[in-house]
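Under our numbering, think of the first position of the sequence shown as 136, with each following residue one higher.
Okay, structure first, notes after.
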Amino acid sequence: MSFRLFGFPIRISPTFLILGLFLFDARLGWQGIVAWVGAAFTSVIIHELGHAFAVRGYGGRVEQITLHGLGGATAWTDPAKRIDWGRRIAIAAAGAGLGFVIAGVLYGLVRAGLFGRAAEQVIVSPFRVLFGIAIQDGLWLVFFLGAFIWVTMAWGLINWLPIGGLDGWHILAELLEKWLPGRGRQVAAVVGLIVALIAAFFLFRLGMTFGAVILVLFALQTLGSR
136 MSFRLFGFPI
146 RISPTFLILG
156 LFLFDARLGW
166 QGIVAWVGAA
176 FTSVIIHELG
186 HAFAVRGYGG
196 RVEQITLHGL
206 GGATAWTDPA
216 KRIDWGRRIA
226 IAAAGAGLGF
236 VIAGVLYGLV
246 RAGLFGRAAE
256 QVIVSPFRVL
266 FGIAIQDGLW
276 LVFFLGAFIW
286 VTMAWGLINW
296 LPIGGLDGWH
306 ILAELLEKWL
316 PGRGRQVAAV
326 VGLIVALIAA
336 FFLFRLGMTF
346 GAVILVLFAL
356 QTLGSR
């Protein structure tokens, strides 16, 4: 499936459905699955648009935004050769940055009571959402809102970790390459693997085996490509 949004070409890979399979929980029901996947979809789109708008703002060209089973990716080029290392860092940070702003504003509106008392009770904080109450009372809009805020904030922070394949790694690689020309990316790949192993250990302890495996695979792939 392909479409354009704000002038950017966007393609949704069939593998994006994998996200729904791993999120499946009979306790959610079909409404909960739809709301959760919809929240994740919206969060990923906003994240990639953050990168895309930054690229456009710096004079680059966005070739395509792709949503896939493990998130999203924004492919871009720099025909005019105007995007230096500092701007590449800004582009890498812009995805989570835009998500933080939008999720933060929505959470502020929740606390201000604009979404009703039920939303205030369910969305206690950006990282504590009482989904059980929303499911029990059939508050699917509140469920969607809470899921969007939680996914956007949590994934944004994880995405800034210096692990291969994530934005945080690209930021670290640009910094190290500036300080250690010719060796920076290799050093970043090693650091990324170490951080991935540590993060994977904690995810595994929390029962998030799939996430732990993916982080390590990302890091190993990056290390192998150096």
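Heads up, the beta-carbon is just placed ideally off N, CA and C, and yes, glycines get one too.
Bear in mind the structure is a predicted one, so any value in this text is a computation, not a measurement.
Rounded to whole angstroms, what's the CA-CA distance from residue i to residue j? Just pull it up for me.
i: I333; j: G221; result: 28 Å
i: G167; j: H203; result: 21 Å
i: Q256; j: A174; result: 19 Å
i: F337; j: V348; result: 12 Å
i: A231; j: L163; result: 27 Å
i: L350; j: I284; result: 22 Å
i: L274; j: G207; result: 28 Å
i: G362; j: A335; result: The shown model of the chain, from 136 to 361, leaves out residue 362, and the question about it has no answer.
i: F279; j: R318; result: 44 Å
i: L311; j: R320; result: 7 Å
i: G251; j: V172; result: 23 Å
i: R246; j: V325; result: 42 Å
Between residue i and the rest of its own chain, which residues show a CB-CB distance below 6 Å, the 5 nearest in sequence each way excluded?
i: K313; result: W220
i: I145; result: F138 and I200
i: L244; result: none
i: I268; result: V257
i: L265; result: V257
I'd like to know whether the C-beta atoms of residue i and residue j end up nearer to each other than 8 Å.
i: M355; j: L328; result: With the sequence shown as reference, residue 355 is identified as Leu, and Met is not the correct amino acid for it. The answer is yes: Cβ separation under 8 Å.
i: A187; j: I200; result: yes
i: A254; j: G185; result: no
i: A170; j: A331; result: no
i: F143; j: V197; result: yes
i: L301; j: F353; result: yes
i: I181; j: I237; result: yes
To which residues of the same chain is residue i closer than 7 Å at the C-beta, ignoring the five residues directly before and after it?
i: E309; result: W220, R223 and I224
i: W304; result: P297, I298, A323, G327 and T357
i: T150; result: H203 and G204
i: V286; result: A174, A175 and S178
i: R217; result: Y193 and G194
i: G248; result: E255
Is any beta-carbon of chain C found at less than 8 Å from that of residue i?
i: G291; result: Given the protein chain composition of this structure (a single chain), no chain C is represented.
Which residues in the same chain have their Cβ closer than 8 Å to the Cβ of residue i, if we skip the five residues on either side of it in sequence?
i: F235; result: T287, M288 and G291
i: I270; result: R162, L163, G164, G167 and F278
i: L233; result: I181, H182, L184, G185 and F188
Please check the pair residue i and residue j, which I expect to be a contact at CB under 8 Å, by giving their CB distance rounded to whole angstroms.
i: G215; j: G239; result: The sequence given here has Ala at residue 215, not Gly. Contact flag wrong, Cβ pair sits at about 33 Å.
Flag this pair as touching only if the region 203-217 and the region 241-261 have three or more C-beta atom pairs under 8 Å; answer yes or no. Judged by Cβ distances under 8 Å, the region 203-217 makes no contact with the region 241-261, as fewer than three pairs qualify.
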